[in-house]
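And the structure:
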């Protein structure tokens, strides 16, 4: 289990991580600009 947890990301995992980090940053900025309810409606369930 430790080897799996500590292993490097595959190419597909790295791509998915980049998308997830971009979405998280966009959501954080949206909270500042638009508030939590609007951001939750925009982001919840809309991204893989």
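In our numbering, the protein residues as written are 1475 to 1522.
Ideal Cβ positions, reconstructed from N, Cα and C, are used throughout, including at glycine.
Between the CA atoms of residue j and residue i - distance to the nearest angstrom
i	j	result
residue 1514	residue 1508	10 angstroms
residue 1492	residue 1483	11 angstroms
residue 1499	residue 1489	16 angstroms
Assumed close pair residue i, residue j - CB separation to whole angstroms, cut-off 8 angstroms
i	j	result
residue 1486	residue 1517	Contact flag wrong, Cβ pair sits at about 22 angstroms.
DSSP-derived helix/strand/coil call for residue i
i	result
residue 1513	helix
residue 1484	coil
residue 1518	coil
residue 1503	helix
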